[in-house]
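These notes are about the structure you will find just below.
Below, the structure written as structure tokens:
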């Protein structure tokens, strides 16, 4: 070598340059090298010196240069992130390094419990990733001071040791590490719903949620256990529960502050501090109730928010009207009610000596007896009128009317709240006669006796006896009078039942007749009761009466049995007619209180039985999560959890719970099952079974072409079974679509989403077409809002099309107005690719313009069952139509008269179906039966009847025509 140069650049790169000659020819060689990683100072883009680690052994193959960090304590982190900033030399800018230069390096880590490992084998390190640069520089870039800095971030799961090492392996690159930042993520300290959630390290997995229980802030208590979930990205998710401020404190800025003077808060559930109600005050901070002013009171039952009040003054203008032994008392309400509306009145009744009044002592007046009647009552009166009856005649009474309200007892008010009046009763008629007895009964007479009335109200002047035959029912009666308490009644008929009434008369007049007493005369001329009775006749009479009673009892029992059988048979027939055995759906919106409906149809679940695992979506009312439900005595199951977001209105709460009230009435394997609800704490939740495969449309698009026709028909069969159940319950879904069908892990399809009926009933007319799913809705429902089971059948036909087309959008990119117009003009969706003809025919039947011509869900279910039992009917698809072009061209040809005939009766849609089955002439159509048409997919009863009757009429017409045209030979 004649000359050589050794140069070190500002980046720490070593350049060796030398010349040598071979056979007189000069060669120049540039050699760039680093022996190992070394720490070098360089200038960054702002011309500030920084320290880097660099290596650049690009000429030597099989480089294996390692750079290891010190021991890094884990500090509770379960996943750490490594941010590497570096520069990399472009291999193309280095001459003579082809095949040995690399543009990547490797990142490794090794976990360890302590910092004692001075040497770690390479095999002990675990590779994180191979890191490549997005930007590389050349020598020209370095000369122009252009730094092309790369930043890469990798995450590492570290959970088994107390700390770890990081290592960087160079395999032949020209690279400089500018900085390495190691960090982990936490959900920061936060206060949510008055609960403090500490700084929390995120989970080990990128999809894990760490459940954290919050603690209530000072001066607060749990309303519901506060919980949140710390997500892997360091964000708090799914807040549950929370705290409320204690009585006397209100929420301000995430803390509980004491109510100021003049304000109070009685319950923790109250929204905030309230100003003291009238006639009350609070003299300290943090008051839970305001004290009443002097002279004002609060009842024990009064809420703290009620103003302090006073007892009422005395009633006014007491008036009494005496009517014999009755008194009518009337008064006016007190002049001052004390600011309350619960004023009531009580009546005190006293019997006093002549000249006594309400202020007399207890020696002069005695309380009235219990026989005195008060109407409507004696205490707790809300009216200002009372009738007092059953008083004694010619007696002095004093009545005191007391006025009270809720604070009368607390105030100790007494006489000032009452008013009194003294009256004297008049003469009165006697009370009722009782205890009437009959003695000396014969064929034509008997003797009556009775007791004196309890209250004669004077001297009894006479008694009056009224009697009549029981069968006459007082149409013809007789009256007799007597001065004593007995009477002999004669002139009676033998063996006849008589009814007797007795009343007494005083100077004031007659009292009322007694209650009726019945006695029967005898057939024996001798008396049955008393002395001198013939014993032989008595025995004979008793025997005869006994036999008569036996015969009467036998006739009665037989007639009762017959009537019972007749009634039982009639009830059985009525029950058979009126009770078909089908449960009928009850609209929860008929309940004034939505809580009554939800508690009647849904089971309340303790929130502690629910474990939320992850958020799977966002619904109309809030977040939708998956989780587990563990009810005592039952195995743990996976569930879906819909929650009502905070800040909801009363209408949103009612709408949210109404869907659960609807689902709770259904019990069918093809209807989404409601597990229960959470309404006693917040947030409100609806718990349903978890459907692993999600909505049917998305599931089919994900597995396009992966199912057999029989599997698709099985899915349709499950949907039809669920809809038949709903239609039998008289429930109209209104939003049947593949997006509202959920699929579980066993490919069982279940009808869900029962909320559209609520939306359509609440939605004003102006917003109607914007909310309705036009592509799935029957024409009459779009035009006239006429939703019935038949409109659900139309929607089911669209669902069939979605299933067979593997989730394709009905009517593709047509807008809603174009869809409505096309349907009105008779357009129907064509058969999807590889769709069996019989399935497309069933779709067309569901899309009949006239509702009555559409099949029922029961008929659809029967049809699908037949297809599953006879899978051969599913083999011919729309693509097979070309095989019949010679018979069925697009325009009917004379060779096949059935085509024009079907057009004439409006059933040309069955042209392909009949031709494929071999029915190519009118004569062959005579063999069609209802069973055969069911097998072919012609399941509409009206169409079946039209086909059979039209074929018979057509053939008869042709035969008659042939007879008229025949001529004799």
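Numbering (UniProt numbering), first residue to last: 1 to 969. The beta carbon of each residue, even a glycine, is placed where N, CA and C say it ideally should be. All values reported here derive from a predicted model rather than from experimental measurement.
Could you give the first and the last residue of the continuous beta strand (DSSP E) run that contains residue 627? Residue 627: member of the beta strand (DSSP E) spanning 623-629, first to last residue.
Is the beta carbon of residue 312 sitting closer than 7 Å to the one on residue 337? In this structure, residue 312 sits near residue 337, with a CB-CB distance shorter than 7 Å.
Quick check: the stretch 863-877 against the stretch 699-716, are at least 3 beta-carbon pairs closer than 8 Å? Below 8 Å, enough C-beta pairs join the stretch 699-716 and the stretch 863-877 to call them touching: three or more.
Check whether the stretch 581-592 touches the stretch 653-672, taking contact to mean three or more Cβ pairs, one atom from each stretch, closer than 8 Å. They touch, by the three-pair rule.
Looking at the structure shown, is residue 63 part of a helix, part of a strand, or coil, going by DSSP? Note: residue 63 maps to coil in three-state DSSP.
In the DSSP assignment, what residue or residues form a beta bridge with residue 150? Beta-bridge pairing links residue 150 to 86.
Looking at residue 743: is its Cβ nearer than 7 Å to the Cβ of residue 693? Yes, they are a contact pair.
Let me know the secondary structure DSSP gives residue 106 once reduced to three states. In the structure shown, residue 106 sits in a strand (DSSP, three-state: E or B).
Measure from the alpha carbon of residue 280 to the alpha carbon of each residue in 126, 262, 257 and 376, then state which is nearest. Cα-wise, what sits closest to residue 280 is 262.
Answer yes or no: do residue 612 and residue 657 have a C-beta to C-beta separation smaller than 7 Å? Going by C-beta atoms, residue 612 is not nearer than 7 Å to residue 657.
Is the beta carbon of residue 388 less than 7 Å from the beta carbon of residue 511? Cβ distance not < 7 Å, so residue 388 and residue 511 don't count as in contact.
Return helix, strand or coil for residue 171, following the three-state DSSP convention. When DSSP states are grouped into helix, strand and coil, residue 171 belongs to the coil group.
Cβ of residue 495 within 7 Å of Cβ of residue 523? In contact: residue 495 and residue 523 (Cβ atoms closer than 7 Å).
For residue 201: DSSP bridge partner residues: Within the DSSP bridge table, the entry for residue 201 names 186 as partners.
Helix or strand or just coil, what does DSSP make of residue 451? Residue 451 falls in the strand class under three-state DSSP.
Check whether the stretch 301-317 touches the stretch 362-378, taking contact to mean three or more Cβ pairs, one atom from each stretch, closer than 8 Å. Segments in contact, no.
For residue 236 and residue 640, I'd like the C-alpha separation in whole angstroms. If you take the alpha carbons of residue 236 and residue 640, they lie about 21 Å apart.
Which whole-angstrom value describes the C-beta separation of residue 739 and residue 805, a residue pair presumed to lie in contact below a C-beta threshold of 8 Å? About 14 Å separates the two Cβ atoms, so there is no contact after all.
Using the beta-carbon count (16 or more within 10 Å), is residue 393 buried or exposed? Around the beta-carbon of residue 393, 16 or more other beta-carbon atoms lie within 10 Å, marking it buried.
Within 10 angstroms of the Cβ of residue 183, are there 16 or more other Cβ atoms? Answer buried if so, exposed if not. Residue 183 is classed as exposed because its beta carbon has fewer than 16 other beta carbons within 10 Å across all chains shown.
Hey, which unbroken runs of the alpha helix (DSSP H) at 4 residues or more fall wholly within the stretch 405-487? For the stretch 405-487, whole alpha helix (DSSP H) runs of length 4 or above, ordered along the chain, are 408-411.
How many angstroms separate the CA atom of residue 325 from the CA atom of residue 283? Each residue's Cα considered, the two are about 59 Å apart.
Opposing strand residues paired with residue 94 [DSSP bridges]: Beta-bridge partners assigned by DSSP to residue 94: none are found.
Measuring alpha carbon to alpha carbon, tell me which of 877, 135 and 64 ends up nearest residue 1042. Because the chain is modelled from 1 through 969, residue 1042 falls outside the range shown and cannot be assessed.
Buried or exposed (CB count within 10 angstroms, at least 16 for buried), residue 734: So residue 734 counts as buried.
Report all residues from its chain with a CB closer than 8 Å to the CB of residue 745; omit the five preceding and five following residues, and keep chain order. Once the five neighbours on either side are set aside, the close Cβ partners of residue 745 are 692 and 693.
Would you kindly check if the distance between the Cβ of residue 603 and the Cβ of residue 676 is under 7 Å? Contact annotation: residue 676 and residue 603 have beta-carbon atoms nearer than 7 Å.
Could you tell me how far apart the beta carbons of residue 265 and residue 247 are, in whole angstroms, since I believe they sit closer than 8 Å? Taking 8 Å as the upper bound for CB-CB distance, residue 265 and residue 247 are in contact here, some 6 Å apart.
Given residue 91 as reference, the closest of 100, 85 and 84 once Cα atoms are compared: Selected option, being the one with the closest Cα: 100.
For the structure I just gave you, are there three or more beta carbon pairs, one from the stretch 161-170 and one from the stretch 101-121, closer than 8 Å? Contact check between the stretch 161-170 and the stretch 101-121: three or more CB pairs, one atom from each, fall below 8 Å, which counts as touching.
Assigned secondary structure, residue 800 (DSSP; H/G/I helix, E/B strand, else coil): The answer is helix: DSSP assigns residue 800 an H, G or I state.
Continuous beta strand (DSSP E) assignments of at least 3 residues falling wholly in the stretch 772-796: Counting only runs of 3 or more, we get nothing.
Residues in the same chain with beta-carbon distance under 8 Å from residue 681, minus the five sequence neighbours each way, listed in chain order, please. Leaving aside the five residues that flank residue 681 on each side, the residues in its chain whose CB is nearer than 8 Å to its CB run, in chain order, 223, 224, 241 and 607.
Please tell me whether residue 913 and residue 841 are closer than 7 Å, where the distance is taken between their beta carbons. In this structure, residue 913 places its C-beta atom within 7 Å of the C-beta atom of residue 841.
Can you pull the DSSP bridge partners for residue 49? Residue 49 pairs with 43.
Under 8 Å, with one C-beta from each stretch per pair, do the stretch 716-733 and the stretch 777-785 reach the 3-pair mark? Result no; under three Cβ-Cβ pairs closer than 8 Å.
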